[in-house]
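Following: one structure in structure tokens, then a few remarks.
There are 2 protein chains.
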Amino acid sequence: MTTPHSHIVKSYDDERQRLLAEILRMGEMAASQLEAALDVIERRDDSAAARVIANDEAIDALEKEISHDVMRLALRGPMARDLREILAALRVSSDIERIGDYAANAAKRSMALNQSPPLPLTRGLNVLAELAVRQLRDVLVAYRDSDAEAAQRIRASDAELDARYTSLFRELLTYMMEDARSITPCTHLLFIAKNLERIGDHATNIAENVWFLVHGDDSLPPREKRDTTNTVG
Amino acid sequence: MTTPHSHIVKSYDDERQRLLAEILRMGEMAASQLEAALDVIERRDDSAAARVIANDEAIDALEKEISHDVMRLALRGPMARDLREILAALRVSSDIERIGDYAANAAKRSMALNQSPPLPLTRGLNVLAELAVRQLRDVLVAYRDSDAEAAQRIRASDAELDARYTSLFRELLTYMMEDARSITPCTHLLFIAKNLERIGDHATNIAENVWFLVHGDDSLPPREKRDTTNTVG
Numbered sequence: 001m002t003t004p005h006s007h008i009v010k011s012y013d014d015e016r017q018r019l020l021a022e023i024l025r026m027g028e029m030a031a032s033q034l035e036a037a038l039d040v041i042e043r044r045d046d047s048a049a050a051r052v053i054a055n056d057e058a059i060d061a062l063e064k065e066i067s068h069d070v071m072r073l074a075l076r077g078p079m080a081r082d083l084r085e086i087l088a089a090l091r092v093s094s095d096i097e098r099i100g101d102y103a104a105n106a107a108k109r110s111m112a113l114n115q116s117p118p119l120p121l122t123r124g125l126n127v128l129a130e131l132a133v134r135q136l137r138d139v140l141v142a143y144r145d146s147d148a149e150a151a152q153r154i155r156a157s158d159a160e161l162d163a164r165y166t167s168l169f170r171e172l173l174t175y176m177m178e179d180a181r182s183i184t185p186c187t188h189l190l191f192i193a194k195n196l197e198r199i200g201d202h203a204t205n206i207a208e209n210v211w212f213l214v215h216g217d218d219s220l221p222p223r224e225k226r227d228t229t230n231t232v233g
Numbered sequence: 001m002t003t004p005h006s007h008i009v010k011s012y013d014d015e016r017q018r019l020l021a022e023i024l025r026m027g028e029m030a031a032s033q034l035e036a037a038l039d040v041i042e043r044r045d046d047s048a049a050a051r052v053i054a055n056d057e058a059i060d061a062l063e064k065e066i067s068h069d070v071m072r073l074a075l076r077g078p079m080a081r082d083l084r085e086i087l088a089a090l091r092v093s094s095d096i097e098r099i100g101d102y103a104a105n106a107a108k109r110s111m112a113l114n115q116s117p118p119l120p121l122t123r124g125l126n127v128l129a130e131l132a133v134r135q136l137r138d139v140l141v142a143y144r145d146s147d148a149e150a151a152q153r154i155r156a157s158d159a160e161l162d163a164r165y166t167s168l169f170r171e172l173l174t175y176m177m178e179d180a181r182s183i184t185p186c187t188h189l190l191f192i193a194k195n196l197e198r199i200g201d202h203a204t205n206i207a208e209n210v211w212f213l214v215h216g217d218d219s220l221p222p223r224e225k226r227d228t229t230n231t232v233g
């Protein structure tokens, strides 16, 4: 068909595809940033940490661009399903932006860590970080494919990240109690661990938006929570 | 005028007003939650803390409702300025939702604190909390009035909250080093203090959205940052 109407519809769809591609690119940037941040913690490399921090601006800029594209799409007066997509796009890009912030924050804290002798506990962080990166990459695929079932599974496996966080949190406390000199660096590790746990929460938010995209507001099954550090006595 | 067109325009405006009122109500709920959370920390009252935690659901529910209202408004095919309002409404309600989460988290941590003897340092938290609540209430007024100049001032005064947070952070570290038994409760205070600092960041986000609402993407003047705890050695 070559009517003017079909032309408009096609180009609306092009814009949608471009928006999706931008969000996936933003997500991949955040995942790489996260890996880079954990790498600089392990290698104790201040100048690489500075690069991770500077790169966060690119993610922030992409979020702004995405907001504009979303506004342009919304101006075309879309239908209810399109609006659900638009709403999900805004929320997902905002979650990715926060994940980027947490990665940059971990890189910042790595510089503070480099002012104290190395701690053996950074290895526990790596397990946590691998889980967080996996959750993020998996949920981006689920978003790309509008796969609500995969999103639901990813959301359920956030409990593993929470459990690992809780156990690292306890380990860090014990370490601090045994050696007062470790308190300052351990505090940074505590906050980095918390950031990774929060990244899991943002991946969960994205998963919930994939569900919303496909099913609207039909509610998701209840979810197990295993982060009990809020109430650790 | 009583043409069908003016009727539609008027009711669109009614919906906009209703949306604004909902967001302001949501913001006031978050401010009250925050005050209640700090109050339960001071009074060491577990059952009041449980109420604060439960109340967070009302804020979450309101955010969902607001998203629906925003979608209904967007379906009417608004103009560019309306879309800016809609985008700002989504972002502001999402920031308020996060503030509510932080308040609930502080209440949760108060229960953990109640398992240890009282610490003298909770007073430093109160100063931080008062600043955070003031920032939130002020920025809600700026949002209500679309007052970009007030928003800009509120954004600038986030530096004070950051400076207070940094000083409390250092105080808590010193305390932990002096008394290993205080490490676990002080960790909770550290996270609560961090939550309050993050609430200031969310108030700043809201201020930036007020600016965006009025001026579009014309950039804001640069902002002073005084939270240096990421790089405390």
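Protein chains in written order, with the UniProt record's numbering: chain R, 1 to 233; chain V, 1 to 233.
Even glycine gets a Cβ: it sits at the ideal position worked out from N, Cα and C.
Quantities reported herein were computed from a predicted structural model and do not represent experimental measurements.
Please classify residue i: does DSSP put it in a helix, a strand, or coil?
{"i": "V:MET26", "result": "helix"}
{"i": "R:ASN114", "result": "coil"}
{"i": "V:ASP145", "result": "coil"}
{"i": "R:GLY200", "result": "helix"}
{"i": "V:PRO185", "result": "helix"}
{"i": "R:ARG81", "result": "helix"}
{"i": "R:LEU119", "result": "coil"}
{"i": "R:ALA100", "result": "This sequence places Gly at residue 100 of chain R; Ala is not what is there. Correct three-state label for R:GLY100: helix."}
{"i": "V:ASP162", "result": "helix"}
{"i": "R:ARG18", "result": "helix"}
{"i": "R:GLY216", "result": "coil"}
{"i": "V:ARG223", "result": "coil"}
{"i": "R:ASP179", "result": "coil"}
{"i": "V:LEU173", "result": "helix"}
Assuming residue i is part of the alpha helix (DSSP H), what are its boundary residues?
{"i": "residue 250 of chain R", "result": "Since the first residue of chain R shown is 1 and the last is 233, residue 250 of chain R is not available in this structure."}
{"i": "R:SER157", "result": "Run containing R:SER157: none; DSSP gives neither H nor E here."}
With the cut-off set at 8 Å, would you say residue i and residue j are in Cβ contact?
{"i": "V:ALA132", "j": "V:LEU196", "result": "yes"}
{"i": "V:HIS202", "j": "V:ALA148", "result": "no"}
{"i": "R:THR122", "j": "R:TYR165", "result": "no"}
{"i": "R:GLU57", "j": "R:GLY124", "result": "no"}
{"i": "R:ALA30", "j": "R:LEU128", "result": "no"}
{"i": "V:ILE183", "j": "R:MET177", "result": "yes"}
{"i": "V:SER94", "j": "R:SER67", "result": "no"}
{"i": "V:ILE192", "j": "V:ARG109", "result": "yes"}
{"i": "V:LEU75", "j": "V:ARG16", "result": "no"}
{"i": "V:ASP211", "j": "V:ALA151", "result": "Looking at the sequence provided, one finds Trp at residue 211 of chain V rather than Asp. Yes. Within cutoff."}
{"i": "V:LEU113", "j": "R:MET71", "result": "no"}
{"i": "V:PRO118", "j": "V:ARG44", "result": "yes"}
{"i": "R:GLU85", "j": "R:LEU213", "result": "yes"}
{"i": "V:VAL40", "j": "V:ILE206", "result": "no"}
{"i": "R:LEU161", "j": "R:LEU24", "result": "no"}
{"i": "R:ALA36", "j": "V:ALA180", "result": "no"}
{"i": "R:THR204", "j": "R:ASP158", "result": "yes"}
{"i": "residue 234 of chain R", "j": "R:SER116", "result": "As displayed, chain R neither begins before 1 nor continues past 233, which places residue 234 of chain R out of reach and without an answer."}
Give the C-beta separation of residue i and residue j to the nearest angstrom, bearing in mind that I take them to be a contact with Cβ-Cβ under 8 Å.
{"i": "R:GLU22", "j": "R:LEU62", "result": "6 Å"}
{"i": "R:ALA103", "j": "R:ALA49", "result": "Not confirmed; about 11 Å, so no contact."}
{"i": "V:LEU19", "j": "V:ALA89", "result": "6 Å"}
{"i": "V:ILE154", "j": "V:ALA142", "result": "6 Å"}
{"i": "R:LEU38", "j": "V:THR187", "result": "Actually they do not touch by this definition, with Cβ atoms about 22 Å apart."}
{"i": "R:GLU97", "j": "R:ILE59", "result": "6 Å"}
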